[in-house]
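Quick note, the sequences are listed as chains R and W, same order. Numbering follows this note's numbering, in which position 12 of the first sequence is assigned residue number 13; successive positions increment by one, without gaps. Numbering follows this note's numbering, in which position 547 of the second sequence is assigned residue number 555; successive positions increment by one, without gaps. Glycine included, every Cβ here is placed at the ideal spot set by N, Cα and C. Below is one structure; the comments refer to it alone.
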Amino acid sequence: MIDRRLVSSFDWLLLILVLALGACGVINLYSAASSFTGSGMPVYLKQTYWMGLGLVVMLAVAMVGPQRLSTIAYPFYVLVVILLIAVLFWGKVIGGSQRWLALGPMVIQPSELARLAAVLVLAAYFQRRDQTEPYRLHQLIIPVGLALIPALLILKEPDLGTCLLVLMVAGSVILINGVKLRDLAIAGGGMVVALPLVWRFMKDYQKQRIFSFLDPESDPLGSAYHLIQSKIAVGSGQFMGKGFLAGTQSQLHFLPEQHTDFAFSVLAEEWGFIGGMVVLLLVAAIVYRGIAIAYRAKDRQSLLLVMGGTAMIFWPAVINVGMVLGLFPVVGIPLPFISYGGSSLITTMAALGLIQGVAMRRFIFHRP
Amino acid sequence: MNLSQVPKPASVGGRGLEPGENPNIRMALLTAAVVVGLALVVLLGRLWFLQLLKGEHFRLLSENNRIRLVDLAPSRGLIFDAEGRLLADNRPAFTLAVIPEDVGDWAVLTRRLHNLVGLSPEEIAKARRAAQGAPPFKPVVLRNHLDRHQLALLETFRYELPGVKVLVRYQRAYLAPRLAAHVIGYLGEINKRELQASNRAVYRMGDWVGRYGLEKSRERVLHGSRGARQVEVDAMGREIKLIKEVPASRGADLTLSINLDLQKAAAKALDGRAGAVAALDPRTGQVLCLYSSPTFDPNDFITGMSTKQWKALAEDPKHPLKDRAISGMYPPGSTYKIITAAAGLAEKAINLTTRFFCAGQMPFGRRYYRCWAYKKGGHGYTDIHKAIRESCDVFFYKTGLKLGVDRLAKWARAFGLGRPTGISLPHESPGLVPDSKWKKKRFKEPWQDGETLSLAIGQSFTLVTPLQMARMTAVVANGGMLVTPSLVKTVTPPGGEAVPAPEPVKARVPIAPEHLDTIAKGLSAVVNEPHGTARLARLPGITVGGKTGTAQVVGLKFEKSFGAEENVPWKYRSHALFVAYAPVENPTIAVGVVVEHGGHGGSAAGPVAAAVMRAYFGIPEPEPKTPPQAKPKPKAKPAPKKKPLRPGAGT
Chain R
2 MIDRRLVSSF
12 DWLLLILVLA
22 LGACGVINLY
32 SAASSFTGSG
42 MPVYLKQTYW
52 MGLGLVVMLA
62 VAMVGPQRLS
72 TIAYPFYVLV
82 VILLIAVLFW
92 GKVIGGSQRW
102 LALGPMVIQP
112 SELARLAAVL
122 VLAAYFQRRD
132 QTEPYRLHQL
142 IIPVGLALIP
152 ALLILKEPDL
162 GTCLLVLMVA
172 GSVILINGVK
182 LRDLAIAGGG
192 MVVALPLVWR
202 FMKDYQKQRI
212 FSFLDPESDP
222 LGSAYHLIQS
232 KIAVGSGQFM
242 GKGFLAGTQS
252 QLHFLPEQHT
262 DFAFSVLAEE
272 WGFIGGMVVL
282 LLVAAIVYRG
292 IAIAYRAKDR
302 QSLLLVMGGT
312 AMIFWPAVIN
322 VGMVLGLFPV
332 VGIPLPFISY
342 GGSSLITTMA
352 ALGLIQGVAM
362 RRFIFHRP
Chain W
9 MNLSQVPKPA
19 SVGGRGLEPG
29 ENPNIRMALL
39 TAAVVVGLAL
49 VVLLGRLWFL
59 QLLKGEHFRL
69 LSENNRIRLV
79 DLAPSRGLIF
89 DAEGRLLADN
99 RPAFTLAVIP
109 EDVGDWAVLT
119 RRLHNLVGLS
129 PEEIAKARRA
139 AQGAPPFKPV
149 VLRNHLDRHQ
159 LALLETFRYE
169 LPGVKVLVRY
179 QRAYLAPRLA
189 AHVIGYLGEI
199 NKRELQASNR
209 AVYRMGDWVG
219 RYGLEKSRER
229 VLHGSRGARQ
239 VEVDAMGREI
249 KLIKEVPASR
259 GADLTLSINL
269 DLQKAAAKAL
279 DGRAGAVAAL
289 DPRTGQVLCL
299 YSSPTFDPND
309 FITGMSTKQW
319 KALAEDPKHP
329 LKDRAISGMY
339 PPGSTYKIIT
349 AAAGLAEKAI
359 NLTTRFFCAG
369 QMPFGRRYYR
379 CWAYKKGGHG
389 YTDIHKAIRE
399 SCDVFFYKTG
409 LKLGVDRLAK
419 WARAFGLGRP
429 TGISLPHESP
439 GLVPDSKWKK
449 KRFKEPWQDG
459 ETLSLAIGQS
469 FTLVTPLQMA
479 RMTAVVANGG
489 MLVTPSLVKT
499 VTPPGGEAVP
509 APEPVKARVP
519 IAPEHLDTIA
529 KGLSAVVNEP
539 HGTARLARLP
549 GITVGGKTGT
559 AQVVGLKFEK
569 SFGAEENVPW
579 KYRSHALFVA
589 YAPVENPTIA
599 VGVVVEHGGH
609 GGSAAGPVAA
619 AVMRAYFGIP
629 EPEPKTPPQA
639 KPKPKAKPAP
649 KKKPLRPGAG
659 T
């Protein structure tokens, strides 16, 4: 039933890299959430189960493969948009924003699925157009619109971080597909002009975060305090780290959200530069593996699915680590595999499924 | 296995879009690889910078990480009455707390605290368990509301109690506790679920939030926004340096339209009987008095109640926690005749000269529907003025019959019945306006015309709240405007000028002025003319208009079975209702009163309304004399024949 060529072409190196990174995450969570004595399963164990479920999702997506994915791209996209609208009406409010939707016993975060939906729908769209020359701006109205619909719905929740992520992933797919350089420059200039407009629509707390990023002294109580504590945690790790379970910053709860958004600070504190470097190199290796697979893709859609999947891992990693290290403003985006979170992990594994799906069909030639 | 037979990978024969063949895509992938490389270099470089170049500095900082964030809770906005008298204040209260990381020996501390303030080891263990997972430098509250004696002891032995802190915080104090408990409401400690749903910048564990009354509905305005201090502390947890402080900003103060004098008058007049008073200014909708009896002391919710106290309060058969003024639902009795009269005139079922003959009862179907004046032989020829003045049931039976249930319902709704008034208080009841559709849905039976007769005199299924009654009366008083009751007159932000609350919404009731005028004249006659049913509500120097109502709780036959009126058990006695407004020439107050199981509207509820209006107009109380005992009036009822009967009419 399963084509042997599919199995033999499976990218084992990619899987090993992913498992290694996932293991780093679970070990780190054991420490980061060790003092959470709340009822229920410990966080690291939950993450392990999510990881297992994620592998199943990855294999499933990989088995379905790019051809059949293109047929469900639009229905899936519509479903996600409906969920995003539903969350605005019936979503659970946590921490002042409405992101979670209860479906029976499960609580899902539809915004996590939005990245996946955007990649699928854009790949399907560009495949159908099958245009080899770079796109002009006016030809990009529909693809940009497809990306903006979920992004704006997420912004409304409000969840600035995830909204940016959807735009960055979608933008990557559009750019890889090809945009005429001159048009790209025009679009870039236009965005600079539009920036003040965006500013006007931002929530106060979002503006506050940007202020406090630019001038940490201005808000010693909120995000800047978190940033200072995160930097102290990372910096004090030095070369070798303070040792597993021995990070004073994290064990004494100076870090905010230390098992989710700031999990990397815990890792850098306890494992030092060595640990931080290993994680960053693992992420980079996964991303490079993705680009290599993209290079050998057989058609436009496969190429875009792989690069979309790769972008889904690259961008959150860069933004999260950049934030934790004080390079970017504090936006709540989890670090793939290292931060705790089921929705995020499943989405990331689905992205890997996109990559594997193409890798497996490296030697299969489809006749349209 | 013959290796040569393993199928070779399909060679790329066709056109295929190999990225290698498309220079644009090749370029894009190359760019992507470079971007990834750059990002990696930047992040690794930053990591290098923080951990190796600045590592020593940060290691030092982390070892002395004694930079703590001390939360500054905002103080809650104050609440004043219309005359500027303070109703809700904040007073200092002392809390015993402990900072876990600064405690050396828990066993010793537990023993000492037990000896000093009587804290049991279990209480301490429980508090510690509850605080598990919280940062060890966050104070854990062991006991609230320390008294002066305990405070002195703790202060004396403070050096033998490492980690123990006495926190001063401001807690709510209600200064007119038994006069405006339901309106102002009370606070409660925030719970986990609310905390999760709220913005972290606004609420923290241990905060108090409005749970009832205005404290709840105006929580956002009253709460204020929190501040914090970033401080450096020494190894003992004592502050040694203030790094930064953002002061908390206190909540806004509210000045209500409620007048404490009127609340007092209402409380005194009701004298512990179950009932409620609602009074508003018919010109604006501002609520002047909103009182529900029996009441409770909201301070008990702040200082904590024993289980026994709480049980007594929650299980009191008279339900003191319920705000009867806005959530008590009563049959309107004859006060509803205002609606029937308005509907009859507006829908041209009757006109100003229509006269019906009242013989003391009216045959309908196979039954006789009685007028309350049955024993006197009826009212004879009756026009609308006389019908209102003497509350003639037969007149309104006939009017109601001409209108039908659905047109009556339409006008009841136009006068604001059947839906919440929109006052900014939680738990407001909508009341009930029945119509034929409702009956079909609720009982799966069509509406009977006989029920229309009961409906027309306010018995049937209709239910109203005292506030709805006052608002309905205000429509007559102000010439046809349905006002939205409002409680807050001005909001004063900290350090700012008082801002008047936005003008409440008004809606015009589509009724001709001469029709309203006729009803108004009738209501004035109820109080001021001979044969009127509410002469007890007269005030010296001020002309009052009003309407009595008596709403039967059980069938008349059952009520009569107890013999004399005094022998009827309390819970089977009729509710007494009264609506009024004054001065008739230029009304500035409209009142709705219910005295539960009070007997007759005129004798039980009328004096309550009069007392409140007296306080409003500043008329001194009359010297006490026993009021002439109102003669018990039999309620009209259909002559008993076959079926068990719906309660009959009231006065």
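C-beta contact flag for residue i and residue j at 8 Å
| i | j | result |
| --- | --- | --- |
| W/Q238 | W/L94 | no |
| W/V561 | W/P474 | no |
| R/A234 | R/A186 | no |
| R/V82 | R/K93 | no |
| W/L531 | W/G553 | yes |
| W/I597 | W/D289 | yes |
| W/E537 | W/R397 | yes |
| W/T470 | W/P442 | yes |
| W/T348 | W/G408 | yes |
| R/L30 | R/H260 | yes |
| W/D414 | W/C379 | no |
| R/S231 | R/V325 | yes |
Opening and closing residue of the beta strand (DSSP E) in which residue i lies
| i | result |
| --- | --- |
| W/D97 | 94 to 106 |
| W/V499 | 496 to 500 |
| W/K555 | 553 to 559 |
| R/V180 | Counting along the chain, R/V180 falls outside any beta strand (DSSP E), and DSSP gives it neither H nor E. |
| W/C379 | Here W/C379 belongs to no beta strand (DSSP E), and DSSP marks it neither H nor E. |
| W/H583 | 583 to 590 |
| W/F364 | 364 to 366 |
| W/A256 | Segment: none, W/A256 is in no beta strand (DSSP E) and carries neither H nor E. |
| W/I597 | 597 to 603 |
Spatial distance of residue i from residue j (CA atoms)
| i | j | result |
| --- | --- | --- |
| W/A638 | W/A613 | Note on W/A638: pLDDT 47, under 50, position unreliable in the model; the coordinate value appears next. Rounded to the nearest angstrom, the two C-alpha atoms are 12 Å apart. |
| W/G439 | W/R421 | 11 Å |
| W/G112 | W/K173 | 14 Å |
| R/R6 | R/V267 | 42 Å |
| W/A528 | W/S399 | 14 Å |
| W/G540 | W/N199 | 55 Å |
| R/L141 | R/D12 | 33 Å |
| W/K497 | W/C297 | 13 Å |
| R/K47 | R/P67 | 30 Å |
| W/V587 | W/Y182 | 30 Å |
| W/I87 | W/T292 | 21 Å |
Neighbourhood of residue i by C-beta, 6 Å cutoff - its chain only, sequence neighbours within 5 removed
| i | result |
| --- | --- |
| R/G310 | A352, L355, I356 |
| W/H393 | G530 |
| R/L20 | none |
| R/D184 | R137, L138 |
| W/G171 | V106, I107, D110, V111 |
Cut-off 8 Å between Cβ atoms - residues of its own chain near residue i, not counting five sequence neighbours on either side
| i | result |
| --- | --- |
| W/P82 | H231, G232, S233, R234, G235, A256, S257, R258, G259 |
| R/M247 | At residue 247 of chain R the sequence reads Ala, which differs from the Met that was named. The residues are E271. |
| W/F322 | The residue asked about is misnamed: residue 322 of chain W is Ala in this sequence, not Phe. Closer than 8 Å at Cβ, skipping near neighbours: L329. |
Where the alpha helix (DSSP H) through residue i begins and ends
| i | result |
| --- | --- |
| R/V332 | First-last for R/V332: undefined, no H or E at that position. |
| W/A275 | 268 to 278 |
| R/L328 | Run containing R/L328: none; DSSP gives neither H nor E here. |
| W/M370 | Segment 369 to 372 is the beta strand (DSSP E) holding W/M370; no alpha helix (DSSP H) there. |
| R/C25 | 13 to 33 |
| R/V44 | 44 to 91 |
| W/Q179 | Here W/Q179 belongs to no alpha helix (DSSP H); instead the beta strand (DSSP E) covers 172 to 182. |
Close Cβ partners of residue i (< 7 Å) along its chain, the five nearest in sequence each way excluded
| i | result |
| --- | --- |
| W/I519 | A350, A354, G488 |
Contact test: residue i Cβ vs the ligand GTP heavy atom, cutoff 7 Å
| i | result |
| --- | --- |
| W/L150 | Ligands in the displayed structure: none, and consequently the ligand GTP is not present. |
(request) Only counting runs of 4 or more residues, tell me where the alpha helix (DSSP H) segments fall wholly within the segment 27 to 85 of chain W, in order along the chain. (result) Fully enclosed alpha helix (DSSP H) runs of 4 or longer: 31 to 56, 63 to 71.
(request) Enumerate, from N- to C-terminal direction, the unbroken beta strand (DSSP E) stretches of 3 or more residues contained entirely within the segment 378 to 450 of chain W. (result) Complete beta strand (DSSP E) runs here, min 3: 388 to 390.
(message) Just to confirm the assignment: which complete beta strand (DSSP E) runs, minimum length 3, are found wholly within the segment 188 to 212 of chain W?
(response) For the segment 188 to 212 of chain W, the continuous beta strand (DSSP E) assignments of 3+ residues that do not extend past its boundaries occur at 195 to 197, in sequence order.
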